[in-house]
Amino acid sequence: MDSIELWSGSTKALVSLGGAWLTNLSDDDGDILFPKRRLEAADGTKKDRGGCHVCLPNFGPGGDSELLQHGFGRTSLWTLDSQLINTVTLTLDGGVVGYERLSSTLTYTLASRSMRMELIVQNRGNRPLRVAPAFHPYFALRANEGRITIDGEPIDIQDLEDTLFLQGEEKQLQLERRTIRLASKNLSTWAAWTDRIGEYVCLEPTYAGNSFLLPTPDSDELLELQDVRTYIAEISW
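With the first letter of the sequence shown counted as 1, position 190 gets the number 192 in the numbering used here; the numbers rise by one all the way through.
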């Protein structure tokens, strides 16, 4: 079983064990998230886009760590821990070299007009681990939707090809057909972005943006021995 269905009334979500990826989120009014699919960029490369995935342990480039863009969480096979009709918990023990002792738990909880995502990480090793994660949702746009509003400020879609970073625990994203409200815990740097190869825009709660580009981690990024840390993002509409 690779794909897990979650239901709350007529609101439906699909979660894949591959990458713990929330591949679909929709209700009677249509897609909330752009459904995950593989798209072709202008240079001919294939890109996985859509849904929502965790960026673990890093958001953006890996820098000197040599981790892949957005880390290994979205490319790893997770294990099903528990499941109810509207919630699922997945686990991942270990990761790439250097993160073999990182234990990760990701829970998706669906309500009729919201999705809550909770990531819990624990360092089971004998040295500190650098962890600065994020969630990466792709919100569905109407065809040719050229402008959005974030916290009351209008933004042209084309201006988001260069990522716009914003601060705060909460954000409001106004689209043509929906108002999306986002809240977070321990994820207060938001990345607004799109590459415009599909009908979507991303507003991503991150721990510290592209912090892995800095050679020396901020002390708050270091997960000490046996430490446990929780990161939460909630989408409502």
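Think of the CB as a built atom: it goes at the ideal place given N, C-alpha and C, for glycine as much as any other residue.
- Rounded to whole angstroms, the Cβ separation of PHE74 and ASN212 is 17 Å, and the two are not in contact under 8 Å.
- In the DSSP annotation of this structure, ASP66 is not part of any beta strand (DSSP E), being labelled neither H nor E.
- The criterion of a C-beta distance shorter than 9 Å is satisfied by TRP9 and LEU112.
- In this structure, THR77 and GLY21 form a Cβ contact; the two beta carbons are roughly 6 Å apart against a cut-off of 8 Å.
- If the five residues before and after THR196 are omitted, its C-beta is found closer than 8 Å to the C-beta atoms of ILE159, LEU162, GLU163, TYR202, VAL203 and CYS204, all from its own chain and listed in chain order.
- By the Cβ test, the stretch 120 to 139 is in contact with the stretch 46 to 61, since at least three Cβ pairs between them sit closer than 8 Å.
- Annotation: the continuous beta strand (DSSP E) that includes LYS48 extends over 48 to 51.
- For PRO139, the uninterrupted beta strand (DSSP E) run begins and ends at 136 to 142, by DSSP.
- The bridge partners DSSP lists for GLU206 are ALA193.
- Sorting GLN169, GLY148, ASN146 and LEU175 by C-alpha distance to the C-alpha of GLU155 places LEU175 at the top.
- Within the same chain, and ignoring the five residues on either side of GLN124 in sequence, the residues whose Cβ sits closer than 6 Å to its Cβ are SER105 and VAL230.
- Taking 9 Å as the cut-off, the Cβ atoms of VAL17 and VAL133 do not count as close.
- For VAL90, the enclosing beta strand (DSSP E) starts and ends at 89 to 95.
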